[in-house]
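Visitor:
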Amino acid sequence: MMSPTTAAAATATAAAFLSAAPASSSSTHRRRSRRAAISASLSSEEPLLIRAARGEDGLPRPPAWMMRQAGRYMASYQALSKRHPSFRERSETTDLIVEITLQPWHAFAPDGVILFSDILTPLPAIGVPFDISESKGPVIQSPVRTEEQVRELVPIDLDKLQFVGESLKILRSEIDGEAALLGFVGAPWTIATYVVEGGMTNTYTNIKRMCHTAPNVLRGLLSHLAEAISDYIIYQVNSGAQCIQIFDSWGGQLPPHVWEQWSKPYIRQIVAKIKTECPHIPLVLYINGNGGLLERMKDIGVDVIGLDWTVDMADGRRRVGDGISVQGNVDPAYLFSPLPVLTHEIHRLVNTSSCTYFMLVLVFI
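Reminder that position 49 of the sequence shown reads as 49 in full-length UniProt numbering, one-by-one numbering, no gaps.
#1: Given a cut-off of 8 Å on the beta-carbon distance, is the pair phenylalanine 130 and leucine 120 in contact?
#2: The ligand HEM and glutamine 242: does the residue's C-beta get closer than 7 Å to at least one heavy atom of that ligand?
#3: Near glycine 321, which residues of its chain fall below 8 Å by C-beta distance, leaving aside the five closest residues on each side in sequence?
#4: With C-beta atoms as the reference, is arginine 296 less than 8 Å away from glutamate 260?
#5: According to the Cβ coordinates, are leucine 182 and valine 98 closer than 8 Å?
#6: Please say whether cysteine 211 and alanine 262 have beta carbons closer to each other than 8 Å?
#7: Let me confirm a value: lysine 208 is counted as buried when at least 16 other C-beta atoms fall within 10 Å, else exposed. Which label applies?
#8: One question on the structure: do glycine 306 and valine 361 come within less than 8 Å of each other, judged by their Cβ atoms?
#9: Taking only three categories from DSSP, how would you classify phenylalanine 130?
#10: So the alpha helix (DSSP H) tyrosine 77 belongs to, where does it begin and stop?
#11: Tell me whether proline 85 is buried or exposed, calling it buried when 16 or more other Cβ atoms sit within 10 Å of its Cβ.
#12: Express the C-alpha separation of arginine 51 and alanine 23 in angstroms, rounding to a whole number.
#13: Specify the secondary structure class of proline 138 as computed by DSSP and reduced to three states.
#14: Going by beta-carbon coordinates alone, are glycine 199 and valine 139 separated by less than 8 Å?
#15: Secondary structure at tyrosine 235, three-state DSSP: helix, strand or coil?
#16: Indicate whether the contact test is met: 3 or more Cβ pairs, each with one atom in the stretch 143-163 and one in the stretch 232-244, closer than 8 Å.
#17: Excluding sequence positions up to five away, which residues of its chain have a Cβ less than 8 Å from the Cβ of threonine 201?
#18: Pick helix, strand or coil for phenylalanine 358, following the three-state DSSP scheme.
#19: Determine the DSSP secondary structure at cysteine 278, reduced to helix, strand or coil.
#20: Taking all protein chains shown into account, do 16 or more other C-beta atoms lie within 10 angstroms of the C-beta of phenylalanine 184, making it buried, or fewer, making it exposed?
#21: Would you say the stretch 308-316 touches the stretch 268-284, given that touching needs at least three Cβ pairs under 8 Å?
#22: According to DSSP, simplified to helix, strand and coil, what is leucine 285?
#23: Name the one or two DSSP bridge partners that leucine 182 has.
#24: Does glutamine 261 come out as helix, strand or coil in the three-state DSSP assignment?
#25: Going by CA-CA distance only, name the one from Gly58, Pro63, Arg68 and Asp57 that's closest to phenylalanine 247.
#26: Quick one: Cα of serine 76 to Cα of threonine 101, how far?
#27: According to DSSP, simplified to helix, strand and coil, what is methionine 66?
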């Protein structure tokens, strides 16, 4: 387990460096028209991360935040977990969500404050109960694998997720514009892996089998999840979230042509609805192990593509192309390094990003 001193010092080093780093001079006028109508109508006083996500020029530095920003590496979180040992209690109780979300904000003031939650949190609201075991992770007692089970799913009941909305409203007030408030969701394929497999898996045997043996059942499940996730995003936005990250955490476990068929269309369905209902909200798409998918990701319609640390930043930037911001991609192992080594890596990463449409992220995934 990472010590709180190591993590806090590492992130403070990143923040200190970035606060002094000038914007890259290589940004060009050809990108300035990107979402110009939206950007022009919105205040330049918006948080730095939101402006970077929209692709604004002339930013003083790249914004920085951490995936899994609140959590086990912090002594304050460990102490709270001893008092409240149930993860679901911690992630479904408004006061605890707010306290945990703000712990890293108070410790080192990142540019993005991401809601403490879980991608499976909305499952009970569509009729899929689950629990989280300390030893096994998520556990779904009745995996969804038949047409009848898909028909039994219900439209998302947002009343069952009021703790999310209440937390976002409080957090938006607490942060008071000094950072961006991020919400997040899981992509349909990634959530479906848990729903079909009944929990964590290393092989994805059942859901991959369904692609060939019960494709209509799987399509029905993914379509239902896409609709529910879209409504959940809109709920988060209406409650105060200023940016949404979509995690297709296990999309990288698919061959690219299979991801194109079984994950991409449902992410695109979500993005299309959000861009219609909430056109001012930047959307970030992150896929763990996405090196083989970048060209296939760039036409989905999101504003930002996240790169994991296995992708070279300069190569990833080239492959994504103009008109989309990139986010990434410090290997979390650098947090165990001496501070000069970490600082050098951050300098290298910022310099190779070659544009202002870049958000520095320390990746915990």
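We treat Cβ as the ideally placed atom computed from N, Cα and C, and that holds for glycine. All values derive from a computational prediction rather than experimental measurement.
Guide: So, from the data block:
#1: Taking 8 Å as the Cβ cut-off, phenylalanine 130 and leucine 120 qualify as a contacting pair.
#2: Looking at this structure, you won't find the ligand HEM or any other ligand, since it has none at all.
#3: Lys298
#4: yes
#5: no
#6: Checking the sequence shown, residue 262 turns out to be tryptophan, not alanine. A contact, by the Cβ cut-off of 8 Å.
#7: buried
#8: yes
#9: coil
#10: Counting along the chain, tyrosine 77 sits inside the alpha helix (DSSP H) bounded by residues 75-83.
#11: exposed
#12: Confidence at alanine 23 is low in this model, with a pLDDT of 48, below 50, so its placement is unreliable and no value can be given for it.
#13: strand
#14: Cβ atoms of glycine 199 and valine 139: closer than 8 Å.
#15: helix
#16: With the cut-off at 8 Å, the stretch 143-163 and the stretch 232-244 touch.
#17: Taken in chain order, the residues that qualify are Thr193.
#18: strand
#19: coil
#20: Burial state of phenylalanine 184 is buried, judged by a 10 Å Cβ sphere holding 16 or more other Cβ atoms.
#21: no
#22: Under the three-state reduction of DSSP, leucine 285 is assigned to strand.
#23: Per the DSSP secondary-structure output, leucine 182 pairs in a beta bridge with Ile114 and Cys243.
#24: helix
#25: Ranking Gly58, Pro63, Arg68 and Asp57 by CA distance to the CA of phenylalanine 247 puts Arg68 first.
#26: Those two C-alpha atoms are separated by around 11 Å.
#27: Reduced to three states, the DSSP call for methionine 66 is strand.
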